[in-house]
Structures are given as structure tokens and as C-alpha cells.
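> The opening residue of the first sequence carries number 1 in my numbering; numbering runs sequentially from there. The structure follows.
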Amino acid sequence: MAIGWTTNSTSPATRASGCATPAALTCAARVPPRALAALLPTRLRGTFPRALTIEGQIVMLKTHHCGSLRQEHVGQQVTVAGWVHNWRDQGGLVFLDLRDRSGVLQVAIDREKQPEAHALATQARSEWVLQIVGTVVRRPAGMENPNIATGEVELHASAVSVLNRAKTPPFYINRDDRVEESLRLRYRYLDLRRERMQRNLILRHRVIKFIRDFLDAEGFLEIETPILFKTTPEGARDYLVPSRVHPGKFYALPQSPQQLKQLLMVAGYERYFQIARCFRDEDQRGDRQPEFTQLDMEMSFVEREDVLQLIERMMIEIVETLTDRQLLAKPFPRLTYQEVMERFGSDKPDLRYDLAAIDVSEIATQSDFAVFKDAVTAGNPVKAIRVPGAGNQSGGQLRKFHSAYEERVRAVGGKGLGYLVLPAEAGGEVKGSVAKFFSPELQALLFEATQAQPGDVLFLLAEARPVIYGMIDVLRRSLAEEFNLADPNTMAFCWTLDFPLMEWNPDENRWDPSHHLFTAPVPEDEHLLDSAPGQVRGQQYDLVCNGYEVAGGSIRIHRQELQEKIFGLIGLDMVDAKERFGHMLEAFTYGAPPHGGIAPGIDRLVMLLAGEPNIREVIAFPKSQMAIDLMVSAPSEVYPEQLEELSIQLALADEAEPE
RNA sequence: GCGGUGGUGGUGUAGCCGGUUAACAUAUCGCCCUGUCAAGGCGAAGAUCGCGGGUUCGAGUCCCGUCCACCGCGCCA
1 MAIGWTTNST
11 SPATRASGCA
21 TPAALTCAAR
31 VPPRALAALL
41 PTRLRGTFPR
51 ALTIEGQIVM
61 LKTHHCGSLR
71 QEHVGQQVTV
81 AGWVHNWRDQ
91 GGLVFLDLRD
101 RSGVLQVAID
111 REKQPEAHAL
121 ATQARSEWVL
131 QIVGTVVRRP
141 AGMENPNIAT
151 GEVELHASAV
161 SVLNRAKTPP
171 FYINRDDRVE
181 ESLRLRYRYL
191 DLRRERMQRN
201 LILRHRVIKF
211 IRDFLDAEGF
221 LEIETPILFK
231 TTPEGARDYL
241 VPSRVHPGKF
251 YALPQSPQQL
261 KQLLMVAGYE
271 RYFQIARCFR
281 DEDQRGDRQP
291 EFTQLDMEMS
301 FVEREDVLQL
311 IERMMIEIVE
321 TLTDRQLLAK
331 PFPRLTYQEV
341 MERFGSDKPD
351 LRYDLAAIDV
361 SEIATQSDFA
371 VFKDAVTAGN
381 PVKAIRVPGA
391 GNQSGGQLRK
401 FHSAYEERVR
411 AVGGKGLGYL
421 VLPAEAGGEV
431 KGSVAKFFSP
441 ELQALLFEAT
451 QAQPGDVLFL
461 LAEARPVIYG
471 MIDVLRRSLA
481 EEFNLADPNT
491 MAFCWTLDFP
501 LMEWNPDENR
511 WDPSHHLFTA
521 PVPEDEHLLD
531 SAPGQVRGQQ
541 YDLVCNGYEV
551 AGGSIRIHRQ
561 ELQEKIFGLI
571 GLDMVDAKER
581 FGHMLEAFTY
591 GAPPHGGIAP
601 GIDRLVMLLA
611 GEPNIREVIA
621 FPKSQMAIDL
631 MVSAPSEVYP
641 EQLEELSIQL
651 ALADEAEPE
């Protein structure tokens, strides 16, 4: 049996490479393209080897990718294969737009010149799979199509063969129209054919490849950890997997590889990462799926600063190398937890716009407004949010404007919302619900403190923490949406630091770890663990971008006695703790190095880089909000024999009885 | 678990203060057409209005229940 390359090669460059992999379908290994545009399938370049032959039979069904053909190919005979993207039958001349992953190519089939090919082409319909042999031709002058990358050329077909026919798809593949999402999910394999999804998954691939290359160069090892692991009752609900071999016992899918990566540090691997799947059985959101992907990583002999700098460098390079998006600030701003809560009411503020809350308690307490005076007396803050230019509307509009936001504030527990309107011209009258309680001198102080300009509106809020935080957050988000303040092309990263280590849980009457129970306290605060646990700051850090938490991590506790102390504070008695985390405590007695890590969420990161509104758009096969895979109908019932083998009996409530 | 929005030919929408034959675009099918590229022209077919119940002389439309999708709250160490 003779195996070789065909001799009528079209590309000297690829002859030398002798590579059987279509070059255009691989991704540039070392030099990622500068811009997002370079990610488009239409930009993939097709240097392509000759067809592979075995005993003279061509086994590779294409010599070039559709989207790769350019003027330089004019005159060459090529074979392409792909899906019918669109077709236009003009009688004696049929145009087929043939699509493969690299892009779209117009094929012209002439009845007079190629009657057989033409006869087949007239039958072809959307999404049929065709193989077409033809000659690349420069398009006639004036017939170029600048909207597609191959628009200067077209293929004059000499032979058409139908590799497969296709039913009419349930929705348009060739348009970016909105389609009901349940339909997209049911036919996800068709949805994934669409350009938007291909672009997103290619970007996702590039981000992950970039991360692997970057961390490899930094001395990290990629190490896999088990998917079948052990349940840990804290945190989110676990997905459980019954054991056949051990009746009545269960594995749990990892909520994250947290414990394992710390054990890898004890094991001396020093720098670990993994593109890790994580599982949490909680209700869904646009940025939450039951299974999601983290870049899980951990480093030994590092301090907080080392982790922050490494991640920051990586994120900046990802954005600048793989996208056209602008970074709002670099280095990334660093904000303390207290600062973000007081100013933005959220530990993941969207910094693309200001709308920061400013504490005006000192001024408000001098006003005649009892609500503000009482608030300050009770130790609660009075805060102002400046809304630039919002005062330039009629009195009626303003009242409507204010009451709409007052309603939002009430929805999060606020009792009311005061407002002041600065006149557009100097000397004009200051209006608004609380204007009469502030003397002109106090008003001036207020405007100075908030740097208010003519025509601005000031919203004034007085409430106890943490209710006021929720009010600030909801005001910022909804104002930014109404006034279009968030530039979609900007990536506003920041670090949130100095979280409290513990939060008081009044229901359970104990302290809860605010991050997780392996987070180390800030060394200066360690002495407060006994006297004032609520004041202890943790060595925790979150990376925030555009209002989303895109990474969270901490420096860990590596000493057994400190770890035991934390267990005590959160109400875990040592018998319990040993049962659940005995392996960790024991490991820490065998020379655990100081270590820390972080875990960026890949789905959220790619979502932001792609400019998508939810993570389903960057996941190939996501689940619905009810955690259902609409394509395969998972979860599903199982056969009684399967349950029997697992020693499991169902105890369903009547209404949940399976049919 | 709670609240909100939506579900109408294959797809996307209109119809919603109840009233004759459920409208439009597109896709699909047929015929015509040799420079189209969101092709065009002519014609055809295609909908028990998510499902179940109720009110009514009469329900896509009103009411109740239910299912599904999405958004948010709770939840998510």
C-alpha cells in the first residue's frame, strides 16, 4: 500500500512542512494575534498541504479552507468542503456560499460550462454538506464583496458532490437573529455552527491556551485532581455520586480543588495550576452554571503581593493580546473591602462609571431634617450620590425620576430617598424633596463635598449598614444602565482587599468564614482572634472586572495550631473537624510551606472579553436555569436495576413521582 | 422557595379594551431568471395561539392552575 502526497501540489510552502494537520485549523503557538478581529474565522489563513492519498485515493476531502482563499490563489485548482451557508439560483448561474470554520466562500456554477455540477447545485439547500472542486478566479470588477474576507475571489466549480443532505434547520444558522434560548439549547450543535458561538469558543480556546503558555513560562505545573472526591458540608450544596462498591456511601464532585491544591503545596510542587471543572448544586444565574471552569492555581513561598502581581500581569497580557478592549487603569486599582462597601455598596463594583457614595453625615446632621439627624445620632451614615446632568428635566419628569429610584431603594430595604436638584444656572433655586431642610450655606457645603455641578441631581440616603450598601449598589447599577454609563469596550479591573476574615452568623450564633476556612488572617490582626474576631482582616483578595468577581483567592493557613483555632471559632469541634478535614490537619504537621493561591473564573472572564451578557454564550453545552441540559434531557431517570446495584431507594414526594 | 418578563405557522414578531376567514417579515415548496451575495419576480402550502381547567352566547385575548425559557431575590464557604 502506497501512502503519499499527491504530486500536483499547489503550495510550495506547505510541501516543505509536510504536515498533515490543516495549518489554518491550528492555532498560532507562540504569537497570538493582536486583535480580536484576528480571531474571526474569516481571518484564518489557509496554507494547506496537498491532499493525502492512499493507493491513489484522496482521503482528505479538501485542499483549502473556504475562508482562506485570496487573490494569491487565483488560477489554482482547489477542493473545498463545507456547509451551504446561503444559495442564489439565477437560472443559468447558481451561487452557493460555502461555509466551513474558516469562513465563507462564494462558489459560482455555470450551467453551460458545467452542466452536471450545475444540476447538482440547483438541488443544494441550506446546510447541505458539499465538496466542490474548482478554480479560484478573481471576481469581475465591481462584483467584489467587501463584507466577506474572500470577497475578492470566487470559486468556479467544475465538480460538485453532495457529502450529506440536511433538513431545514429550526432556526437561521447564517444570521445573528435573536432566537428563543430554549430552542438554541435544544439544538446546540446547530447553534454552535453560528458565527457568534464559533467566535466565542475560539476566543475561549485562545484564552486558555494563553494561560497555559503563560503559566508554563512562569514555572507552573498543570496537575489534574480527582472529580470523584469527598463531600464537605460547608459552602455550596454538593453533587453526590453513589458508590456501587461501597453501598450507602457517596463521592462528591468537587466545588473546587481547594483542598487538593493545598495538599499539592504540602507535597512540594510549589507552583500548580489546572483548568478545573467545579460543581455546585445551587440555583443558576446568568453568571452561574452548575458546572463551571476555574483557572485553579496555588503557589508556595509567596505573599499576597506575589499572587496579585502575577495575576495582574497575566490579565493585562490577555486583554491586550487577545482583544481590542481598553483597560481602564493599569496597574489595577486596589481597594479595601471597607472602602468599596462605603463608596459603592458592593465588593464587586463596576468602576467604568463613578456614581460613588460620599459620606455627608457631618453636613446632614446640621440640617433641619429629622431623618438625617436621627440617623447620625444612631451612628448611621448619611450618603450622597451625584447624578451628573439628571437635573435637566421638567419638574414632573424629575418627580417621576426620583420616585422610580425610590422604589428600587425600597425594594432592598431602604425607607426612602431624598434628592436635591442643582439649578442649571447660577443663582437659580435649589429644588428637591429635602432642599428646604438645608440652609444655603449647608447646601454649598454639600455641593462642595460632592463636587456637584449645575444641573446635577444629588440623591441622599440615610440608613443603617448594611442596608445602605444595598441601596447604593442598586442605585449605581440602575443609574448606570439608564444613562448608559458603562462603556462596553472598557475592562475596569480592580482588586478588593482586606476582607473581614469572619462574619457573624446570627442564625447559627457563630462566626462564619467569609472566604473559606483555610484563609489566613492578616498577621498584624492575629492577636484579635480571641478578643474581636470580627475585626480580623483576612489575607483574601478578589479580582473584580466590570461588576463581576472574576477571581478570588487568599494566602492560606499553613500551621496546624492556627487552623485548629479557626475551626474552634467557626464552631467546628475538633472531633468534627478531624472527621472532615483530618487529612488537611495531618498534612499541615508534615512541613507545610507558606502558600496561597487564587482561582479566576474562566467562564466569566471569557464572557467579559467576548462582550457577552452571560456565560452560556461562552460555554459549548450549557444547562438551563433549571440546571437541565435541554439537548439530551439531563438529568434523567435511571433504570431500577441501576438503583438496585447502587443500593438506592427513591423516596419521592407524591407530586414528584416519575411516570 | 419568592418576584418579574415571555411562550401565536419552521423562525422572529403583530394581534391583547373578548366578536366573522389570526396579520406581517423571513424560511420552506413550485415556476421564471447568467452576476447574485439579506438576490429578484410570480404562485403555493404552512398555526388545534405552551398545556389543563374556568368565566362567557362567544376566549389567542379575561380568570385560576401548571410546564418551559430568561432576568432578579433567597442561595452560591
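Heads up, the beta-carbon is just placed ideally off N, CA and C, and yes, glycines get one too.
If you reduce the DSSP assignment to three classes, tell me which class Thr323 lands in.
Taking the first sequence and counting its residues from 1, the one referred to as residue 323 is at position 323. It is coil, neither helix nor strand.
> Per DSSP, which one or two residues make a beta bridge with Gly667?
No information on residue 667 is available, as it lies outside the stretch 1 to 659 that the chain covers here.
> To the nearest angstrom, how far is it from the Cα of Ser300 to the Cα of Gly552?
The residue you call residue 300 lines up with position 300 of the first sequence. The residue you call residue 552 lines up with position 552 of the first sequence. Taking the straight line from one Cα to the other gives about 17 Å.
> Using only the alpha-carbon positions, how far apart do Gln289 and Val474 sit?
As a working note, residue 289 is residue 289 in the first sequence. As a working note, residue 474 is residue 474 in the first sequence. So the two alpha carbons sit approximately 24 Å from each other.
> How many angstroms separate the CA atom of Phe493 from the CA atom of Arg465?
Start at 1 with the first residue of the first sequence, and residue 493 comes out as number 493. Start at 1 with the first residue of the first sequence, and residue 465 comes out as number 465. Cα-Cα distance, rounded: 26 Å.
> Would you call the CB atoms of Val107 and Ile148 closer than 9 Å?
To locate residue 107, count along the first sequence from 1; it is residue 107. To locate residue 148, count along the first sequence from 1; it is residue 148. For Val107 and Ile148, no; Cβs fall outside 9 Å.
> Just grab the DSSP bridge partners of Lys262 for me.
Translated into the one-based positions of the first sequence, residue 262 becomes position 262. A small fix is needed here, since residue 262 is Gln in this sequence, not Lys. Paired residues: none, contrary to the question.
> Start and end of the alpha helix (DSSP H) containing His118?
The residue given as residue 118 occupies position 118 in the first sequence. Here the alpha helix (DSSP H) through His118 covers Pro115 to Gln123.
> For Pro169, which of Arg184, Val160, His156 and Ser158 has the nearest alpha-carbon?
As a working mapping, residue 169 is identified with position 169 in the first sequence. Comparing Cα-Cα distances from Pro169 to each of Arg184, Val160, His156 and Ser158, the minimum goes to Arg184.
> For Leu646, which residues from the same chain have a beta carbon less than 8 Å from its beta carbon, with the 5 sequence-adjacent residues on both sides left out?
Here residue 646 is taken as the residue at index 646 of the first sequence, counted from 1. Within the same chain, Leu646 has close Cβ partners Pro242, Ser243, Arg244 and Pro247.
> Which of the three DSSP states is assigned to Thr150 in this structure?
One-based indexing of the first sequence puts residue 150 at position 150. The answer is coil: DSSP assigns Thr150 none of H, G, I, E or B.
> Let me know the secondary structure DSSP gives Lys415 once reduced to three states.
Position 415 of the first sequence, counting from 1, holds the residue named residue 415. Three-state DSSP puts Lys415 in coil, outside helix and strand.
> How many angstroms separate the CA atom of Asp97 from the CA atom of Phe483?
Stepping through the first sequence from its first residue, residue 97 is reached at position 97. Stepping through the first sequence from its first residue, residue 483 is reached at position 483. Rounded to the nearest angstrom, the two C-alpha atoms are 42 Å apart.
> Excluding the five sequence neighbours on either side, which residues of its own chain have a C-beta within less than 6 Å of the C-beta of Asp498, listed in chain order?
As a working note, residue 498 is residue 498 in the first sequence. Taken in chain order, the residues that qualify are Thr336, Tyr337 and Arg537.
> Give the single residue among Ile472, Glu637 and Gln642 whose Cα lies nearest to the Cα of Leu652.
The residue given as residue 652 occupies position 652 in the first sequence. It is Glu637 whose Cα lies nearest to the Cα of Leu652.
> Take the Cβ of Gly582 as the centre, count every other Cβ of all protein chains shown within 10 Å, and call the residue buried at 16 or more, exposed below.
Counted from its first residue, the first sequence places residue 582 at position 582. Gly582 should be labelled exposed.
> What three-state label does DSSP hand Thr377 in the structure shown?
Residue numbering aside, residue 377 sits at position 377 when the first sequence is read from its first letter. Note: Thr377 maps to helix in three-state DSSP.
> Between the alpha carbons of Arg476 and Asp324, how many angstroms are there, rounded?
Along the first sequence, one-based indexing puts residue 476 at 476. Along the first sequence, one-based indexing puts residue 324 at 324. Each residue's Cα considered, the two are about 27 Å apart.
> Kindly list the residues whose CB is nearer than 7 Å to the CB of Asn509, restricted to its own chain and excluding five residues on each side of it in sequence; keep chain order.
Numbered from its first residue, the first sequence carries residue 509 at position 509. Once the five neighbours on either side are set aside, Asn509 has no close Cβ partner at all.
> Does Arg88 come out as helix, strand or coil in the three-state DSSP assignment?
What you label residue 88 is simply residue 88 of the first sequence in a count that begins at 1. Arg88: strand per DSSP, three-state reduction.
> Hey, out of Arg410, Gln560 and Gly427, whose CA is closest to Ala462's CA?
Locating residue 462 in the first sequence gives position 462, counting from the first residue. Taking only the C-alpha atoms, the option nearest Ala462 is Arg410.
> Using the Cβ count rule (16 or more neighbours within 10 Å means buried), how would you classify Asp422?
Reading the first sequence from its first residue, position 422 is the one you call residue 422. In the sequence on display, residue 422 carries Leu and not Asp. Answer is buried; the Cβ neighbour count reaches 16.
> Given 8 Å as the limit, is there contact between the stretch 188-195 and the stretch 147-166, that is, 3 or more CB pairs closer than that?
No: fewer than three Cβ pairs fall under 8 Å.
> Return the chain-ordered list of same chain residues with a C-beta closer than 6 Å to the C-beta of Leu650, the five sequence neighbours on each side being excluded.
Position 650 of the first sequence, counted from the first residue, corresponds to residue 650. So the list is empty, once near-sequence residues are dropped.
> With contact counted as at least three CB pairs below 8 Å, one residue from each stretch, are the stretch 579-598 and the stretch 627-644 in contact?
Segments in contact, no.
> Only counting the same chain, and skipping five residues up and downstream in sequence, which positions put a Cβ closer than 8 Å to that of Ile648?
In the first sequence, residue 648 corresponds to position 648, counting from 1. Contacts found: Pro242.
> Classify Gln540 as buried or exposed, calling it buried when 16 or more other Cβ atoms lie within 10 Å of its own Cβ.
Taking the first residue of the first sequence as position 1, residue 540 is located at position 540. Buried, since its Cβ has 16 or more Cβ neighbours within 10 Å.
> From Val387 to Gly547, what distance separates their C-alpha atoms?
Counting from 1 along the first sequence, the entry for residue 387 is found at position 387. Counting from 1 along the first sequence, the entry for residue 547 is found at position 547. Using only the alpha carbons, I get a separation of about 19 Å.
> Cβ of Arg237 within 9 Å of Cβ of Glu282?
Position 237 of the first sequence holds residue 237. Position 282 of the first sequence holds residue 282. Yes, these two residues count as a Cβ contact at 9 Å.
> From Leu479 to Gln76, what distance separates their C-alpha atoms?
Working through the first sequence from its first residue, we reach residue 479 at position 479. Working through the first sequence from its first residue, we reach residue 76 at position 76. Looking at the two C-alpha atoms, the distance is approximately 58 Å.
> In the stretch 483-548, which residue ranges form an unbroken alpha helix (DSSP H) of at least 4 residues, counting only runs that do not cross its ends?
Listed in chain order, the complete alpha helix (DSSP H) runs (minimum 4 residues) inside the stretch 483-548 are 528-531.
> Taking the DSSP output, what are the residues bridged to Gly268?
For the purposes of this step, residue 268 is identified with residue 268 of the first sequence, where counting begins at 1. Paired residues: none, contrary to the question.
> Does the distance from the CB of Gly103 to the CB of His64 come in under 9 Å?
Sequence index remark: in the first sequence, residue 103 carries index 103 (1-based). Sequence index remark: in the first sequence, residue 64 carries index 64 (1-based). No, these two residues do not count as a Cβ contact at 9 Å.
> What ranges does the alpha helix (DSSP H) occupy inside the stretch 141-228, keeping only unbroken runs of at least 4 residues that lie completely in it?
Complete alpha helix (DSSP H) runs here, min 4: 181-186, 188-191 and 195-217.
> Alpha carbon to alpha carbon, what distance is there between Leu420 and Ile385?
Position 385 of the first sequence holds residue 385. Position 420 of the first sequence holds residue 420. Those two C-alpha atoms are separated by around 10 Å.
> Within its chain, find whatever has a CB closer than 7 Å to the CB of Arg604; leave out the 5 residues flanking it on each side and keep chain order.
Residue numbering aside, residue 604 sits at position 604 when the first sequence is read from its first letter. The answer, listed in chain order, is Asp287, Tyr548, Val550 and Ile615.
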